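S.K.: Numbering (the working numbering), first residue to last: 543 to 906.
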C-alpha cells in the first residue's frame, strides 16, 4: 500500500486548526443553517415538520478493522450508518455532527482521508456538516456521528405501527455485506500469517463493496414520497433480519411469517457461502450491515410497491404469538430466533481479535 508523505503530527496543528483543516470545502449548505462550524453550537431553523435525531458510535476493533478498511471508506460508511436510521423513520437527513477520538498513531493526513469519505457522503446525500468535536484517545479510533433529519408531520414511521394483514417488504438484497466481511477477515488472516501473501478479492468485489461502502435508503425514501406510500412500520437492517424482525414484532405486538424463497439475495451468494462451508440463510437472517429498509405496508399499497424492482414482499403480519416464523418452500415452518449483531454480546463472547498491525491503512 502506498503511504502519504509527509505525515503531519496532530499535535503540530492543535484542535482548532485541525478542525479547520478537516472541515474545509464541504459544499452542502442549507439556507436554514443560521450558525455552523466555529461556534459553541450550531443553529438551524427547521420551520416545518418534525425534527428527527439519531446517533451512532463506531469503535476501532469492534465495528471496523483498519487492517482492511480504508479510512476514506470508513468515513463514508460512518455517515451512511447514521443517516440510514433517519430514512428508517421516513425522514430526510439534512445535517450531521461528527466527533472523533484519535490516538497518536494517526497523522493529520490519515484524518484528512477519513474526512474525504465523510465529505463524499455529504455530497451524495445532500447533507450539511454543522459541527462536532475532536479529542485524544489512548488507543485506536472512535467515531461518533449525530444525524438530524426533517419529516412531514403525521408521516413519521415508527416500529410500532404494523397491524395484522400488513405485508412485509424489504429493499435490495440481503446477506451480501456479511459475506464481504467474511472474505475480508479470511484474507486478512492469511496476510497476518504470511506478509507476502496477495489477497484474493476480485471474485468477491460486489460483496466487499457492500461491506466497505454501503448505501443508505435514499432512493427508497424518495420512491415512497413520490408515490405517497407511508409504511405502517419501518426499520433499517443494520443488525440482521432476524433481530430487526424481533424489534418490529415486539414494538408492534405482532408476529411475522416470512417466506424463505421470497427473500432477495444477490447472485452467487448461495454458491460462495457453500464454499465458505456456511449456510447462506445464516448470512441472510443474522449477518447484518446490509442497511436496507424493512417495512410493513397496507395491502392497498401493493400495486405501487410492485413497480419498484428494488422492493420485495417477503411475508406478512399475523396475530401475536411467541414466534416469528420462516416458511420453507415445502411448507415447513421454523422459528426465526434473533441472532444478529449485538455489541455487548460481541464483547462477552470474546470475538475481538488481536491484530498484528494496528497502524491505519493509507488505501483510498
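Ideal Cβ placement from N, Cα and C applies to all residues, glycine included. Fair warning: this is a prediction, and the values are worked out from it, not measured in the lab.
Contact between the stretch 696 to 710 and the stretch 636 to 643 is defined here as three or more beta-carbon pairs at a separation below 8 Å; is this criterion met?
M.R.: Taking 8 Å as the limit for Cβ pairs, the verdict is that the stretch 636 to 643 does not touch the stretch 696 to 710.
S.K.: How many Å lie between residue 617 and residue 598 at the Cα?
M.R.: Distance between the alpha carbons of residue 617 and residue 598 is about 13 Å.
S.K.: With 16 other CB atoms within 10 Å as the buried threshold, where does residue 859 fall?
M.R.: Answer is buried; the Cβ neighbour count reaches 16.
S.K.: Do you know how far the Cα of residue 833 is from the Cα of residue 720?
M.R.: Taking the straight line from one Cα to the other gives about 11 Å.
S.K.: Mind the definition here: the stretch 669 to 688 touches the stretch 720 to 740 only if three or more C-beta pairs lie below 8 Å; say whether that holds.
M.R.: Judged by Cβ distances under 8 Å, the stretch 669 to 688 makes no contact with the stretch 720 to 740, as fewer than three pairs qualify.
S.K.: My output table needs one value for residue 599: the three-state DSSP class, helix, strand or coil.
M.R.: Strand.
S.K.: At what residues does the alpha helix (DSSP H) containing residue 798 begin and finish?
M.R.: Run containing residue 798: none in the alpha helix (DSSP H); it sits in the beta strand (DSSP E), 797 to 801.
S.K.: Rounded to whole angstroms, what is the Cα-Cα separation between residue 627 and residue 668?
M.R.: Taking the straight line joining both Cα atoms gives about 16 Å.
S.K.: Name the two residues that bound the continuous beta strand (DSSP E) containing residue 877.
M.R.: Residues 875 to 877.
S.K.: Buried or exposed for residue 566, please, with buried defined as at least 16 other CB atoms from any protein chain shown within 10 angstroms of its CB.
M.R.: Result: exposed.
S.K.: Compute the Euclidean distance between the alpha carbons of residue 764 and residue 836, then round it to the nearest angstrom.
M.R.: Each residue's Cα considered, the two are about 15 Å apart.
S.K.: Write down the C-beta distance between residue 673 and residue 578 rounded to the nearest angstrom, noting that I regard them as a contact closer than 8 Å.
M.R.: Yes, residue 673 and residue 578 are in contact; Cβ-Cβ is about 7 Å, under 8 Å.
S.K.: Would you kindly work out how many angstroms separate the C-alpha atoms of residue 677 and residue 754, rounded to a whole number?
M.R.: Whole-angstrom Cα-Cα distance: 25 Å.
S.K.: Which residue's Cα is closest to the Cα of residue 539: 767, 549, 871 and 792?
M.R.: The displayed coordinates of the chain run from 543 to 906. Any statement about residue 539 would go beyond what the structure contains.
S.K.: Quick check on this structure: which residue in 861, 600, 862 and 844 has the alpha carbon closest to the alpha carbon of residue 854?
M.R.: Of 861, 600, 862 and 844, the residue nearest in Cα terms is 844.
S.K.: For residue 752, which residues of its own chain have a beta-carbon under 6 Å away from its beta-carbon, when the five flanking residues on both sides are left out?
M.R.: Once the five neighbours on either side are set aside, the close Cβ partners of residue 752 are 718, 719 and 722.
S.K.: Taking Cβ positions only, does residue 773 come closer than 9 Å to chain D?
M.R.: Checking the listed chains, one finds no chain D in this structure; it contains a single protein chain.
S.K.: In or out: residue 652 buried (at least 16 other Cβ within 10 Å) or exposed?
M.R.: Buried is the call here.
S.K.: What's the C-alpha gap between residue 885 and residue 605?
M.R.: Model confidence at residue 885 stands at a pLDDT of 47, short of 50, so the residue's coordinates are unreliable and nothing is read from them.
S.K.: Tell me the DSSP bridge mates of residue 568?
M.R.: Paired residue(s): none; residue 568 is not in a bridge.
S.K.: For residue 710 and residue 824, I'd like the C-alpha separation in whole angstroms.
M.R.: If you take the alpha carbons of residue 710 and residue 824, they lie about 20 Å apart.
S.K.: Between the alpha carbons of residue 610 and residue 730, how many angstroms are there, rounded?
M.R.: Looking at the two C-alpha atoms, the distance is approximately 7 Å.
S.K.: If I measure Cβ to Cβ from residue 679 and keep anything under 6 Å in the same chain, skipping five residues before and after, which residues do I get?
M.R.: Correct list, in chain order: 643, 644 and 645.
S.K.: Can you tell me whether residue 582 is buried or exposed, with buried defined as 16 or more other CB within 10 angstroms of its CB?
M.R.: Exposed: under 16 other Cβ atoms inside 10 Å.
S.K.: Which same chain residues, not among the five before or five after residue 799, have their C-beta less than 7 Å away from its C-beta?
M.R.: If we look at residue 799 and ignore the five residues flanking it on each side, its Cβ neighbours are 857, 858, 860, 867 and 869.
S.K.: Quickly, what does DSSP pair residue 575 with across the bridge? List them, please.
M.R.: Note: residue 575 sits in a beta bridge opposite 586.
S.K.: So the beta strand (DSSP E) residue 554 belongs to, where does it begin and stop?
M.R.: That residue, residue 554, is in no beta strand (DSSP E); its alpha helix (DSSP H) goes 552 to 555.
S.K.: Near residue 956, what residues of its chain come up, given a Cβ to Cβ distance below 8 Å and the 5 sequence neighbours on each side ignored?
M.R.: The structure shown does not extend to residue 956, since the chain is modelled only from 543 to 906, so the question has no answer here.
S.K.: Per the DSSP calculation, residue 635 is bridged to which residue(s)?
M.R.: In the DSSP output, where bridge partners are listed per residue, residue 635 has 691.
S.K.: Suppose the cutoff is 7 Å on Cβ atoms and the five residues either side in sequence are ignored; what does the same chain contact list for residue 777 look like?
M.R.: If we look at residue 777 and ignore the five residues flanking it on each side, its Cβ neighbours are 630, 701, 786, 789, 790 and 836.
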